[in-house]
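There are 2 protein chains.
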Amino acid sequence: MAEPSSRPRHIVLTSHPSPHGAQTQPIRWGSLDPLQRGPVVGTLTNPAHRNVIGTHAGAYALYRALAVASGSLQPDHRADLTNTAPVVSIGPYASWGDADRIVSLDPWGAIVGEVFAPFYAQGYDIRPTIAITRAHINMPELQEAVSKGRLQVDGRILKDNGDLVVTKAAIEPVWYLPGIAKRLQVSESLLRRTLFEQTGGMFPELVTRSDLSVFLPPIGGQTVYIVGQVAAITDPALPLAVRVHDECNGSDVFGSDICTCRPYLVHGIEECIRTAQAGGAGVIVYLRKEGRALGEVTKFLVYNARKRQEGGDRADAYFARTECVAGVQDMRFQELMPDVLHWLGITRIDRLISMSDLKYRAITSSGIEVIQRVPIPEDLIPADARVEIEAKKAAGYYTEGEVPDAERLAQTQGRAWVE
Amino acid sequence: MAEPSSRPRHIVLTSHPSPHGAQTQPIRWGSLDPLQRGPVVGTLTNPAHRNVIGTHAGAYALYRALAVASGSLQPDHRADLTNTAPVVSIGPYASWGDADRIVSLDPWGAIVGEVFAPFYAQGYDIRPTIAITRAHINMPELQEAVSKGRLQVDGRILKDNGDLVVTKAAIEPVWYLPGIAKRLQVSESLLRRTLFEQTGGMFPELVTRSDLSVFLPPIGGQTVYIVGQVAAITDPALPLAVRVHDECNGSDVFGSDICTCRPYLVHGIEECIRTAQAGGAGVIVYLRKEGRALGEVTKFLVYNARKRQEGGDRADAYFARTECVAGVQDMRFQELMPDVLHWLGITRIDRLISMSDLKYRAITSSGIEVIQRVPIPEDLIPADARVEIEAKKAAGYYTEGEVPDAERLAQTQGRAWVE
Numbered sequence: 001m002a003e004p005s006s007r008p009r010h011i012v013l014t015s016h017p018s019p020h021g022a023q024t025q026p027i028r029w030g031s032l033d034p035l036q037r038g039p040v041v042g043t044l045t046n047p048a049h050r051n052v053i054g055t056h057a058g059a060y061a062l063y064r065a066l067a068v069a070s071g072s073l074q075p076d077h078r079a080d081l082t083n084t085a086p087v088v089s090i091g092p093y094a095s096w097g098d099a100d101r102i103v104s105l106d107p108w109g110a111i112v113g114e115v116f117a118p119f120y121a122q123g124y125d126i127r128p129t130i131a132i133t134r135a136h137i138n139m140p141e142l143q144e145a146v147s148k149g150r151l152q153v154d155g156r157i158l159k160d161n162g163d164l165v166v167t168k169a170a171i172e173p174v175w176y177l178p179g180i181a182k183r184l185q186v187s188e189s190l191l192r193r194t195l196f197e198q199t200g201g202m203f204p205e206l207v208t209r210s211d212l213s214v215f216l217p218p219i220g221g222q223t224v225y226i227v228g229q230v231a232a233i234t235d236p237a238l239p240l241a242v243r244v245h246d247e248c249n250g251s252d253v254f255g256s257d258i259c260t261c262r263p264y265l266v267h268g269i270e271e272c273i274r275t276a277q278a279g280g281a282g283v284i285v286y287l288r289k290e291g292r293a294l295g296e297v298t299k300f301l302v303y304n305a306r307k308r309q310e311g312g313d314r315a316d317a318y319f320a321r322t323e324c325v326a327g328v329q330d331m332r333f334q335e336l337m338p339d340v341l342h343w344l345g346i347t348r349i350d351r352l353i354s355m356s357d358l359k360y361r362a363i364t365s366s367g368i369e370v371i372q373r374v375p376i377p378e379d380l381i382p383a384d385a386r387v388e389i390e391a392k393k394a395a396g397y398y399t400e401g402e403v404p405d406a407e408r409l410a411q412t413q414g415r416a417w418v419e
Numbered sequence: 001m002a003e004p005s006s007r008p009r010h011i012v013l014t015s016h017p018s019p020h021g022a023q024t025q026p027i028r029w030g031s032l033d034p035l036q037r038g039p040v041v042g043t044l045t046n047p048a049h050r051n052v053i054g055t056h057a058g059a060y061a062l063y064r065a066l067a068v069a070s071g072s073l074q075p076d077h078r079a080d081l082t083n084t085a086p087v088v089s090i091g092p093y094a095s096w097g098d099a100d101r102i103v104s105l106d107p108w109g110a111i112v113g114e115v116f117a118p119f120y121a122q123g124y125d126i127r128p129t130i131a132i133t134r135a136h137i138n139m140p141e142l143q144e145a146v147s148k149g150r151l152q153v154d155g156r157i158l159k160d161n162g163d164l165v166v167t168k169a170a171i172e173p174v175w176y177l178p179g180i181a182k183r184l185q186v187s188e189s190l191l192r193r194t195l196f197e198q199t200g201g202m203f204p205e206l207v208t209r210s211d212l213s214v215f216l217p218p219i220g221g222q223t224v225y226i227v228g229q230v231a232a233i234t235d236p237a238l239p240l241a242v243r244v245h246d247e248c249n250g251s252d253v254f255g256s257d258i259c260t261c262r263p264y265l266v267h268g269i270e271e272c273i274r275t276a277q278a279g280g281a282g283v284i285v286y287l288r289k290e291g292r293a294l295g296e297v298t299k300f301l302v303y304n305a306r307k308r309q310e311g312g313d314r315a316d317a318y319f320a321r322t323e324c325v326a327g328v329q330d331m332r333f334q335e336l337m338p339d340v341l342h343w344l345g346i347t348r349i350d351r352l353i354s355m356s357d358l359k360y361r362a363i364t365s366s367g368i369e370v371i372q373r374v375p376i377p378e379d380l381i382p383a384d385a386r387v388e389i390e391a392k393k394a395a396g397y398y399t400e401g402e403v404p405d406a407e408r409l410a411q412t413q414g415r416a417w418v419e
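Chains G and A are the protein sequences, given in the same order.
All residue numbers in the first sequence are consecutive under the UniProt record's numbering, ending with 419.
All residue numbers in the second sequence are consecutive under the UniProt record's numbering, ending with 419.
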């Protein structure tokens with residue numbers, strides 16, 4: 001079979017600190033001077049420069065490996081980053097200099113080309129872990145909101161063809177392991193050991209390389225959509241609306257009626273537009289945590305169990321069915337979610353477009369003030385999603401209405417299923 | 001700090017075949033007798049039973065590890081799979097017995113509870129890697145198609161409130177490494193070595209455990225949406241429409257106007273509905289390969305480079321900008337994509353809703369006949385997405401119109417960017 005030319009090389013199964021005492025550039029997490037902090041070097045073009053466990057692009061590193069294996073990508077390819085710099089300036093903020101405030105992304109990740117210029121000059125291959133661009137987006141629901149008078153076209157933020165002008169940022173996960181451990185209230189050694197063991201042995205370096213404190217995990221990242229001026233996000237005189245939205249492909253893309261995900265997302269965007277038009281800004285954070293970070297296979301298994309259980313799909317058994325299949329109700333670890341808000345320099349949210357008590361607690365515990373929580377309007381809840389929303393209200397979700405009691409929960413039923 | 005109680009244990013950094021000659025249940029990939037084939041055992045509840053590299057849930061295994069580390073999930077939790085079985089029967093088909101035809105998913109993954117009952121009786125913890133459920137979905141564009149007369153409500157497939165009745169399947173990746181290597185036309189040893197090295201050392205077992213031929217990679221999987229009767233998919237007398245759609249979060253969810261992703265997806269669903277209403281079936285496959293499997297950070301970097309290059313965003317430089325940043329134009333490896341179609345038993349597609357020459361070649365090379373290719377209707381292409389579609393036509397995408405020449409490519413420009 002055709003193989004790319006490759007010289008025979010020794011396979012290094014587990015990396016160890018250099019026996020000759022040579023030091024890679026250390027990462028001093030939480031330093032507000034980027035040259036003191038040091039770049040995150042996760043590329044493989046020069047192994048001697050690497051100072052992290054894992055590599056870039058999250059789970060897409062696997063596809064990169066396929067490209068190299070098949071000979072279509074040269075393993076020593078270095079990205080030509082001409083013209084790729086952020087379209088707007090974000091930070092640095094005081095939070096970037098706090099090792100406890102941001103632990104799951106690299107606050108300097110978007111501006112590596114600017115702040116790490118001396119390292120590039122020395123031949124370091126530093127990849128951005130954040131990219132900031134702008135876009136016009138157009139969602140049918142927003143056009144409908146205009147035609148129904150809920151939104152006003154202003155020609156600048158919301159155009160008359162329904163286009164919404166946004167700034168958006170894609171963010172790859174960068175985990176500072178001591179900080180992640182502290183956030184989860186476990187020891188770093190237990191965190192490292194469990195990450196290694198419970199993934200089936202991914203990255204022995206988690207256990208063997210305690211000198212490396214940063215891990216690039218092969219998981220999905222997050223995307224930030226900003227409506228209005230970026231500067232308004234941190235201006236204490238201007239209002240800010242925020243929705244932190246966890247991916248739900250079945251609803252977000254396909255409009256499944258068993259949950260409120262897309263309707264609530266769209267409502268969040270509407271709130272962002274109104275806030276931006278009032279001179280403030282709106283922020284949507286889209287986190288790749290499908291099915292409460294349990295994945296879609298587990299999600300669909302749970303749907304089947306809910307619809308088929310004795311008595312049918314009902315709010316009083318909503319969480320129990322997930323727990324039976326997955327062992328937990330939720331794996332999203334909202335404890336890590338506020339990092340992106342601190343990257344944006346947010347210290348106060350005027351309108352938080354979320355009913356989740358877990359998200360609210362995570363945000364406020366991280367030191368961000370929340371003035372008002374905005375529930376999803378009743379008329380946006382699909383009929384079959386009543387089971388979810390009532391179960392969540394009973395479990396502590398924010399509501400301006402009544403918290404359902406046991407009787408109401410038992411009576412809240414989803415669509416019956418004809419097998 | 002609080003830690004879940006755990007006895008001190010030896011950390012096994014790299015697993016090796018048992019020194020005592022004890023054999024785990026081997027996987028004989030491609031056997032049409034499931035008991036001969038053997039179950040895929042990727043759980044960690046009993047390490048002695050494991051017969052794969054990696055673990056379940058794709059990239060979400062990392063979140064599972066966090067849940068165990070934080071003490072919210074017991075590591076020995078076994079899924080209670082009561083009532084979770086598929087809502088419809090799919091297969092087995094002859095393709096399931098062909099080790100070359102399906103190499104990136106486990107065709108038995110949905111019905112493990114049924115076909116591996118003797119193994120469950122022996123205490124094996126076998127997890128489904130496919131889940132099949134049903135749903136009602138509702139997309140604003142479909143309601144518009146009804147109001148404009150492009151779609152007819154039939155009350156069974158498409159309801160009068162715009163609800164579309166679908167069967168859907170979530171599929172986790174299961175890679176048979178010898179088959180993946182063959183598909184990519186490289187040796188298995190080179191594939192294993194490169195997967196290990198180019199991920200920064202993920203899973204040394206890829207190199208050390210040549211006795212394990214199945215790998216559960218930590219990447220996103222795919223979702224299948226079926227419109228109409230599942231039995232129609234394999235009935236040679238009935239028509240079949242198929243769209244294989246690669247994730248594009250910016251368009252699929254948010255409606256970014258720089259590409260044709262969501263409009264083409266919606267057009268594919270419309271075609272599926274019409275085909276199902278004519279007695280056939282429609283299949284949408286949604287593959288988690290964001291930004292041509294380069295990830296969203298790379299995608300946004302490329303957007304910036306396209307918009308800022310000399311002469312602005314134009315079709316004749318469309319692919320060059322991606323290649324400068326990523327080293328390749330595309331990492332989606334369409335070679336693996338037809339597996340899901342063979343899992344569904346598809347041997348003929350009447351209408352393939354795709355213009356991609358790579359997808360077309362992958363599908364037809366895998367032995368599936370394609371009668372007709374359906375391009376995206378001109379009026380569904382957003383103005384700013386002209387750059388993409390013209391560049392793709394010039395590069396070999398299917399078109400019923402003219403293939404653009406160099407002059408037209410140079411003249412096809414996207415929206416100018418005011419910095």
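Note that CB positions come from ideal geometry on N, CA and C, so glycine has one too.
As the structure is a prediction and not an experimental result, all values here were calculated from the model.
Using the beta-carbon of each residue, which ones in chain A are nearer than 9 Å to residue i?
| i | result |
| --- | --- |
| A65/G | L191, T194, L195, F196, E197, Q198, T199 and M202 |
| I386/G | With the sequence shown as reference, residue 386/G is identified as Arg, and Ile is not the correct amino acid for it. Result: empty, since nearest Cβ-Cβ is about 14 Å, beyond 9 Å. |
Just how far apart, CA to CA, sit residue i and residue j?
| i | j | result |
| --- | --- | --- |
| A67/G | A57/G | 14 Å |
| H136/A | T223/A | 15 Å |
| N138/A | I226/A | 14 Å |
| L294/G | T14/G | 29 Å |
| I53/G | S104/G | 14 Å |
| E290/A | D246/A | 7 Å |
| T55/G | C261/A | 28 Å |
| P173/A | Q74/G | 25 Å |
| A65/G | T234/A | 35 Å |
| D350/A | A145/G | 38 Å |
| R150/A | V242/A | 19 Å |
Buried or exposed: where does residue i fall if 16 or more other Cβ atoms within 10 Å of its Cβ makes it buried?
| i | result |
| --- | --- |
| E335/G | buried |
| E390/A | buried |
| Q198/G | buried |
| N161/A | exposed |
| N46/G | exposed |
| E407/A | exposed |
Along chain A, which residues have their Cβ under 8 Å away from the Cβ of residue i?
| i | result |
| --- | --- |
| I111/G | The contacting residues do not exist; I111/G stays about 13 Å from chain A at best. |
| F300/G | A131, I132, T133, K168, A169 and A170 |
| G38/G | Under the 8 Å cutoff, chain A gives no residues; its nearest Cβ is about 18 Å from G38/G. |
Taking the DSSP output, what are the residues bridged to residue i?
| i | result |
| --- | --- |
| L287/A | Q222/A and D246/A |
| A135/G | V166/G |
| G282/G | V227/G and A241/G |
| L352/G | V242/G and R373/G |
| Y176/A | V214/A |
| I171/G | I130/G and Q222/G |
Less than 7 Å separating the Cβ of residue i from some heavy atom of the ligand FAD?
| i | result |
| --- | --- |
| E247/G | Among the ligands in the structure shown, none appear at all, so the ligand FAD cannot be discussed. |
Anything in chain G within Cβ reach of residue i, meaning under 9 Å, just list it in chain order.
| i | result |
| --- | --- |
| S256/A | A135, H136, I137, N138, V166 and K168 |
| L294/A | A57, Y60, Y63 and R64 |
Can you tell me where the alpha helix (DSSP H) with residue i in it begins and where it stops?
| i | result |
| --- | --- |
| V207/A | E205 to T208 |
| V146/G | P140 to S147 |
| F116/G | F116/G -> no alpha helix (DSSP H), and no H or E assigned at all. |
| R270/G | Inspection of the sequence shows that residue 270/G is occupied by Glu rather than by Arg. Segment C261 to Q277, the alpha helix (DSSP H) holding E270/G. |
| Q411/A | A406 to Q411 |
| V186/G | Here V186/G belongs to no alpha helix (DSSP H), and DSSP marks it neither H nor E. |
| K307/G | E296 to R308 |
Taking Cβ-Cβ distances shorter than 7 Å, what residues in chain G pair up with residue i?
| i | result |
| --- | --- |
| C259/A | Within chain G, no residue comes near C259/A; the closest Cβ sits about 10 Å away, beyond 7 Å. |
| T223/A | N249 and E296 |
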